[in-house]
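Numbering (the numbering used here), first residue to last: 1 to 459.
See structure below.
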Amino acid sequence: MAKVFIGQIIHTKSFNDFISYTMGFVAVDANGQIVAVGDDFNRYSSNNVFPSNTEFINLTREEFLMPGLVDCHIHAPQMAQIGLGLDMPLLDWLNIYTFPLEAKFSDNGFAAKVYKKVVEDTIKNGTTLACYFGTNHRMATLILAKEALKQGQRAFVGKVCSDCNSPDFYVETTDASLASTKIFVDDINKLGSSLIRPIITPRFALSCSKELLIGLGDMAKKYNLHIQSHISENLLEIEHVKKSFSTSYAEAYDCTGLLTNKTILAHGVHLEDEEIDLLQKRGTSIAHCPASNTMLRSGLCDVKRLINKGIKVGLGTDVSGGNSPSLQDAILRTIDVSHHLEFIKKQEIKGTGKVKNAVGDNIKYEPIDFKQAIYLATLGGAAALAMDVITGNFVVGKQFDALLIDTSKAPLHNFGFYSSNDYEKKPDELKLLEMVQKFIYVGDDRNIQRVYVAGKQIK
């Protein structure tokens with residue numbers, strides 16, 4: 001059924017281009033494709049005829065429509081341990097908590113139980129597109145893909161690959177890892193849905209031999225596949241990579257064919273300037289994971305440094321290094337980290353550097369604001385995943401992936417705010433922006449009343 005949403009609408013067109021319509025509309029056809037967007041529904045409707053069965057959704061003054069949220073980096077199996085081990089550095093956390101948990105996903109029944117909840121929780125929190133890490137287990141990871149499809153979520157799903165520097169109980173041989181990955185890719189394609197896509201997933205450079213990385217790079221090139229992994233998350237990890245590969249972290253991936261314009265790498269906290277230049281040259285993206293970067297004491301990623309150098313950046317919850325499956329939480333953490341960097345740079349604390357623009361000149365550091373953070377969680381994430389021609393904002397021809405936000409619900413207590421005389425005197429655009437701020441800074445999943453993917457309501 002075709003739909004037309006009428007009322008307050010926000011979306012973005014770039015990092016610095018935030019769009020708001022106080023009496024706008026988005027028209028969606030029966031296939032879930034956006035066919036019209038504008039700021040004056042009455043004018044549009046007077047010149048256009050809608051299908052006879054069109055559903056008209058009139059938003060209240062306390063509601064607004066926004067694009068669906070894009071989680072560029074989430075470890076689906078780790079939802080089962082969320083909140084544990086977050087007082088540890090990365091490598092200890094992996095060995096004590098994460099690897100033993102992920103090994104349990106050899107049990108398909110356990111996997112099905114966890115993954116059902118993972119998809120439910122991410123949808124509940126407004127994630128319309130997720131980029132999932134699974135485990136080394138092909139069948140369990142296929143269960144994750146089928147669950148996302150069943151619940152109507154758009155997703156990249158990757159079978160994790162690791163053939164070295166891993167526990168004996170959770171490691172593959174090189175040949176087995178490559179063979180099972182190829183079968184997994186075929187299995188995903190057989191699902192026959194544009195919503196679910198396979199993604200090549202070497203866990204990180206240290207857990208993969210050069211032979212495995214080369215094989216995965218060749219597979220991605222041959223079948224035109226997306227790639228996901230990690231980069232420069234932790235200082236100790238970086239030193240180990242340099243010793244193992246005798247190159248920088250970025251070069252370790254580049255020399256094995258894994259840096260492409262369909263590659264997204266999580267973290268990028270400690271990238272050298274030369275590495276950033278290489279990523280930009282290859283068109284490779286970064287998934288900014290502020291929660292896990294902080295929780296596991298990895299560092300503070302300077303997102304604006306990356307953006308100023310032309311790197312595409314999206315946000316990741318990074319469950320369970322991150323302690324929440326909510327991208328709204330990731331938005332807040334992104335703003336917090338940016339504020340912390342502003343403090344640090346102003347004080348010129350050793351090791352943090354000064355912000356520079358693309359040509360290397362020092363410029364004043366301005367922290368990320370809520371509008372820019374919304375971009376990173378929507379269109380920025382879609383662009384980082386090379387999916388911005390399909391989703392990320394409200395543009396004719398794209399799929400309708402959206403959230404209907406109701407700011408009248410708890411935990412937002414308005415205390416008659418919207419009916420006060422002072423409020424009524426404010427310009428409509430300011431009212432809408434204040435409503436958006438309230439949701440971003442105070443709201444939660446209870447305010448996400450509806451979730452749409454490809455025009456279909458899934459919450």
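For glycine and all other residues, C-beta sits at the position ideal for the given N, C-alpha and C.
From this set, the options, which residue's C-alpha is nearest residue i's C-alpha?
i    : options                   : result
K456 : D29, F18, I19 and D17     : D29
S56  : E62, F41 and M66          : The residue you asked about is not Ser; residue 56 is Phe in the sequence shown. When each option's Cα is compared against that of F56, the closest is F41.
A287 : G381, G24, G397 and V453  : G381
D445 : I405, Q399, M435 and V396 : I405
Y44  : L101, S166 and A27        : A27
E233 : K398, G321 and S326       : G321
P202 : K113, Q78 and T263        : T263
D336 : Y365, L306 and L300       : L300
V508 : V241, V49, P167 and H137  : The structure shown does not extend to residue 508, since the chain is modelled only from 1 through 459, so no value can be given for it.
L178 : S324, A220 and E274       : A220
M435 : D422, V451 and S408       : S408
A330 : Q372, T12 and R305        : Q372
A111 : I123, A80 and D87         : A80
S20  : V451, K146 and L432       : L432
K101 : H75, D218, E63 and T22    : Residue identity differs from the one stated: residue 101 is Leu in this sequence, not Lys. The residue with the shortest Cα to Cα distance from L101 is H75.
D107 : C131, T141 and S162       : T141
Beta-carbon separation of residue i and residue j under 8 Å?
i    : j    : result
I390 : G126 : no
F370 : I440 : yes
L69  : T334 : no
Y115 : L144 : yes
I231 : A250 : yes
L213 : L149 : no
V453 : T128 : yes
L94  : A155 : no
L206 : V160 : no
D71  : T294 : no
Mapping the DSSP letters down to three states, classify residue i as helix, strand or coil.
i    : result
A176 : helix
E272 : coil
I405 : strand
R297 : coil
M23  : strand
M1   : coil
Y375 : helix
R61  : coil
F133 : strand
K345 : helix
T334 : helix
A145 : helix
A386 : coil
H240 : helix
A410 : coil
E211 : helix
I368 : coil
S229 : strand
F56  : strand
G109 : helix
S246 : coil
G217 : helix
F169 : coil
E429 : helix
D121 : helix
G351 : Bear in mind that a pLDDT of 47 at G351, under 50, signals an unreliable position, so the number given afterwards is only what the model happens to contain. The answer is coil: DSSP assigns G351 none of H, G, I, E or B.
F50  : coil
Please name the residue or residues paired with residue i in a DSSP beta bridge.
i    : result
P202 : C161
T127 : L69
Q399 : Q33
R446 : Paired residue(s): none; R446 is not in a bridge.
A155 : A130 and I196
T12  : F18
L315 : H288
K456 : V453
I74  : Y132
H267 : I231
V28  : K3 and I34
G322 : V319
Using a Cβ-Cβ cutoff of less than 7 Å, which residues in the same chain neighbour residue i once the five nearest sequence positions on both sides are dropped?
i    : result
R297 : P89
H340 : L300
Under 6 Å Cβ to Cβ from residue i, same chain only, skipping five residues before and after it: list those, please.
i    : result
P51  : A2
V303 : H288 and V313
V185 : P198
E275 : S248 and A250
S386 : The amino acid at residue 386 is misidentified as Ser; the sequence shows Ala. Here the set comprises K262.
T284 : L259 and T263
So, for residue i: in the same chain, excluding its five sequence neighbours on each side, which residues have a beta-carbon less than 8 Å away from its beta-carbon?
i    : result
E120 : Q151
G351 : In this prediction, G351 has a pLDDT of 47, which is less than 50 and means its spatial position is unreliable; nothing more can be read from the coordinates.
I34  : V26, A27, V28, F394, V395, V396, G397, K398, Q399 and F400
K117 : M79
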